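Following: one structure in C-alpha coordinates, then a few remarks.
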Amino acid sequence: MTDAIISKTKLNDITNFGLRASVGVIFLAHGLGKLNPQFIGFLTGQLGFAPEMQIPIALAEIIPGILLITGILTRVSASMLCVIMLGAIFYVKKATNLIGQGGYELDLILLAASLVIITAGPGKISLAQIIKKLPSYVH
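For the sequence shown, position 133 (counting from the first letter as 1) is numbered 133 according to our numbering, and the numbering increases by one without interruption.
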(Lines of atoms letter the chains of each structure in order from A and count residues from 1; the text may use other names and numbers.)
(Lines give C-alpha, C1' and ligand atoms only; values in the text may rest on other atoms or scores of the structure.)
Protein backbone atom coordinates (compact mmCIF):
# COMPACT_ATOMS: atom_id res chain seq x y z
CA MET A 1 0.00 0.00 0.00
CA THR A 2 2.80 2.42 0.90
CA ASP A 3 4.59 1.76 -2.40
CA ALA A 4 1.51 2.80 -4.36
CA ILE A 5 1.18 6.00 -2.32
CA ILE A 6 4.85 6.96 -2.73
CA SER A 7 4.80 6.37 -6.49
CA LYS A 8 2.03 8.97 -6.87
CA THR A 9 3.76 11.75 -4.93
CA LYS A 10 5.86 14.69 -6.03
CA LEU A 11 8.81 13.05 -4.28
CA ASN A 12 8.74 10.31 -6.92
CA ASP A 13 8.73 12.93 -9.70
CA ILE A 14 11.62 14.83 -8.11
CA THR A 15 13.61 11.62 -7.59
CA ASN A 16 13.03 10.58 -11.21
CA PHE A 17 14.20 13.98 -12.42
CA GLY A 18 17.21 13.89 -10.08
CA LEU A 19 18.32 10.52 -11.41
CA ARG A 20 17.83 11.59 -15.03
CA ALA A 21 19.61 14.90 -14.51
CA SER A 22 22.56 13.46 -12.61
CA VAL A 23 23.17 10.71 -15.16
CA GLY A 24 22.73 13.24 -17.96
CA VAL A 25 25.24 15.66 -16.42
CA ILE A 26 27.79 12.88 -15.93
CA PHE A 27 27.53 11.81 -19.57
CA LEU A 28 27.56 15.40 -20.80
CA ALA A 29 30.75 16.08 -18.82
CA HIS A 30 32.42 12.86 -19.96
CA GLY A 31 31.44 13.50 -23.58
CA LEU A 32 32.78 17.05 -23.48
CA GLY A 33 36.02 15.67 -22.02
CA LYS A 34 36.36 13.41 -25.04
CA LEU A 35 36.58 16.49 -27.28
CA ASN A 36 39.99 17.17 -25.71
CA PRO A 37 42.85 16.47 -28.16
CA GLN A 38 44.50 14.22 -25.55
CA PHE A 39 41.62 11.77 -25.90
CA ILE A 40 42.81 10.97 -29.44
CA GLY A 41 45.98 9.43 -27.98
CA PHE A 42 43.95 7.11 -25.75
CA LEU A 43 41.53 6.35 -28.57
CA THR A 44 44.21 5.42 -31.10
CA GLY A 45 46.93 4.09 -28.78
CA GLN A 46 45.04 1.99 -26.24
CA LEU A 47 41.78 1.24 -28.04
CA GLY A 48 42.98 1.03 -31.63
CA PHE A 49 40.28 3.32 -33.05
CA ALA A 50 40.82 5.77 -35.88
CA PRO A 51 41.22 9.39 -34.75
CA GLU A 52 38.11 10.29 -36.77
CA MET A 53 36.04 8.40 -34.19
CA GLN A 54 36.70 11.07 -31.54
CA ILE A 55 33.72 13.27 -32.48
CA PRO A 56 31.15 10.46 -32.90
CA ILE A 57 32.21 8.89 -29.60
CA ALA A 58 31.99 12.24 -27.81
CA LEU A 59 28.60 13.03 -29.35
CA ALA A 60 27.31 9.57 -28.38
CA GLU A 61 27.60 10.75 -24.76
CA ILE A 62 26.89 14.47 -25.14
CA ILE A 63 23.60 14.22 -27.05
CA PRO A 64 21.94 11.55 -24.88
CA GLY A 65 23.20 13.41 -21.79
CA ILE A 66 21.44 16.60 -22.90
CA LEU A 67 18.30 14.66 -23.82
CA LEU A 68 18.21 13.00 -20.40
CA ILE A 69 18.56 16.32 -18.63
CA THR A 70 15.72 17.85 -20.62
CA GLY A 71 13.56 14.72 -20.58
CA ILE A 72 13.20 14.25 -24.33
CA LEU A 73 13.62 10.83 -25.96
CA THR A 74 14.53 9.57 -22.51
CA ARG A 75 14.21 5.84 -23.10
CA VAL A 76 16.08 5.95 -26.42
CA SER A 77 18.85 8.05 -24.87
CA ALA A 78 19.16 5.78 -21.83
CA SER A 79 19.28 2.76 -24.17
CA MET A 80 22.16 4.31 -26.11
CA LEU A 81 23.98 4.99 -22.86
CA CYS A 82 23.49 1.35 -21.80
CA VAL A 83 25.29 0.26 -24.95
CA ILE A 84 28.08 2.74 -24.23
CA MET A 85 28.43 1.46 -20.67
CA LEU A 86 28.52 -2.16 -21.82
CA GLY A 87 31.30 -1.17 -24.23
CA ALA A 88 33.16 0.63 -21.44
CA ILE A 89 32.87 -2.36 -19.11
CA PHE A 90 33.67 -5.16 -21.55
CA TYR A 91 35.75 -3.52 -24.30
CA VAL A 92 37.62 -0.68 -22.62
CA LYS A 93 38.05 -2.07 -19.10
CA LYS A 94 37.78 -5.75 -20.07
CA ALA A 95 35.61 -6.34 -16.96
CA THR A 96 38.67 -7.32 -14.96
CA ASN A 97 38.44 -5.22 -11.78
CA LEU A 98 35.24 -4.11 -10.15
CA ILE A 99 37.12 -1.64 -7.94
CA GLY A 100 40.58 -0.09 -7.90
CA GLN A 101 42.77 0.77 -10.87
CA GLY A 102 40.79 0.19 -14.07
CA GLY A 103 37.68 -0.65 -12.04
CA TYR A 104 34.31 -0.51 -13.70
CA GLU A 105 32.17 0.27 -10.63
CA LEU A 106 31.16 3.73 -11.92
CA ASP A 107 30.35 2.25 -15.33
CA LEU A 108 28.22 -0.42 -13.68
CA ILE A 109 26.22 2.07 -11.59
CA LEU A 110 25.69 4.26 -14.68
CA LEU A 111 24.47 1.17 -16.55
CA ALA A 112 22.07 0.34 -13.71
CA ALA A 113 20.84 3.95 -13.51
CA SER A 114 20.26 3.99 -17.27
CA LEU A 115 18.22 0.79 -16.98
CA VAL A 116 16.09 2.40 -14.26
CA ILE A 117 15.55 5.43 -16.51
CA ILE A 118 14.45 3.14 -19.35
CA THR A 119 11.93 1.53 -17.01
CA ALA A 120 10.70 4.76 -15.36
CA GLY A 121 10.55 6.89 -18.50
CA PRO A 122 10.83 10.68 -18.54
CA GLY A 123 8.49 11.36 -15.62
CA LYS A 124 6.40 14.44 -14.97
CA ILE A 125 9.33 16.87 -14.68
CA SER A 126 10.38 16.71 -18.33
CA LEU A 127 9.91 18.53 -21.60
CA ALA A 128 8.22 15.41 -22.97
CA GLN A 129 5.50 15.76 -20.33
CA ILE A 130 5.13 19.50 -20.99
CA ILE A 131 4.84 18.91 -24.73
CA LYS A 132 2.29 16.16 -24.15
CA LYS A 133 0.11 18.57 -22.16
CA LEU A 134 0.14 21.30 -24.83
CA PRO A 135 -3.09 21.80 -26.75
CA SER A 136 -3.17 19.78 -29.96
CA TYR A 137 -3.12 22.87 -32.18
CA VAL A 138 0.35 23.82 -30.82
CA HIS A 139 2.15 20.66 -31.86
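No residue lacks a Cβ here, since even glycine has one placed at the ideal position from N, Cα and C.
Bear in mind the structure is a predicted one, so any value in this text is a computation, not a measurement.
**Study point:** Cβ neighbour criterion (16 or more within 10 Å) applied to Thr-74
**Key:** Position 74 of the sequence shown, counted from the start, is the residue given in the question as residue 74. Looking at its Cβ environment, which holds 16 or more other Cβ atoms inside 10 Å, Thr-74 is buried.
Point to revise | Proximity below 9 angstroms, CB of Phe-17 to CB of Ser-126 | key: Position 17 of the sequence shown, counted from the start, is the residue given in the question as residue 17. Position 126 of the sequence shown, counted from the start, is the residue given in the question as residue 126. Yes; because the gap between Cβ atoms is below 9 angstroms, this pair is in contact.
Review point. Mind pulling the beta strand (DSSP E) runs of 3 or more residues that sit fully within the segment 37-102?
Key: Whole beta strand (DSSP E) segments, 3+ residues: zero.
Exercise for review: Output yes or no for whether 9 angstroms exceeds the beta carbon distance between Gly-100 and Ile-62.
Suggested key: Numbered from its first residue, the sequence shown carries residue 100 at position 100. Numbered from its first residue, the sequence shown carries residue 62 at position 62. In this structure, Ile-62 does not lie closer than 9 angstroms to Gly-100 by Cβ.
Exercise for review: Could you give the DSSP three-state label for Gly-31: helix, strand or coil?
Suggested key: Taking the first residue of the sequence shown as position 1, residue 31 is located at position 31. Here Gly-31 sits in helix by DSSP.
Check your understanding: Who are the Cβ neighbours of Lys-8 in its own chain at under 8 angstroms, not counting the five residues just before and after it?
Key -> Here residue 8 refers to the residue found at position 8 when the sequence shown is read from its first residue. Beyond the five residues adjoining it in sequence on each side, Lys-8 comes within less than 8 angstroms, by CB distance, of no other residue in the same chain.
Practice item. Check each candidate in Leu-68, Asn-36, Tyr-91 and Gly-41 and name the one with the smallest Cα separation from Ala-58. Key: In the sequence shown, the residue the question calls residue 58 occupies position 58. The shortest C-alpha separation from Ala-58 is found at Asn-36.
Check your understanding: Expressed to the nearest angstrom, what Euclidean distance is found between the alpha-carbon atoms of Ser-136 and Gly-123?
Key -> For the purposes of this step, residue 136 is taken as residue 136 along the sequence shown, with counting starting at 1. For the purposes of this step, residue 123 is taken as residue 123 along the sequence shown, with counting starting at 1. Going from the Cα of Ser-136 to the Cα of Gly-123 covers about 20 angstroms.
Practice item. Quick one: grab the DSSP three-state call for Ser-136. Key: As a working note, residue 136 is residue 136 in the sequence shown. Three-state result, Ser-136: coil.
Review point. Buried or exposed: which applies to Gln-54, given that a residue is buried once 16 or more other Cβ atoms fall within 10 Å of its Cβ?
Key: For the purposes of this step, residue 54 is taken as residue 54 along the sequence shown, with counting starting at 1. Residue environment: Gln-54 is assigned as buried (16 or more neighbouring CB atoms within 10 Å of its CB, all protein chains considered).
**Study point:** Proximity winner among Gly-41, Ala-29, Ile-14 and Ile-40, relative to Pro-189 (alpha-carbon distances)
**Key:** Nothing can be reported for residue 189: it is not among the residues displayed for the chain, which extend from 1 to 139.
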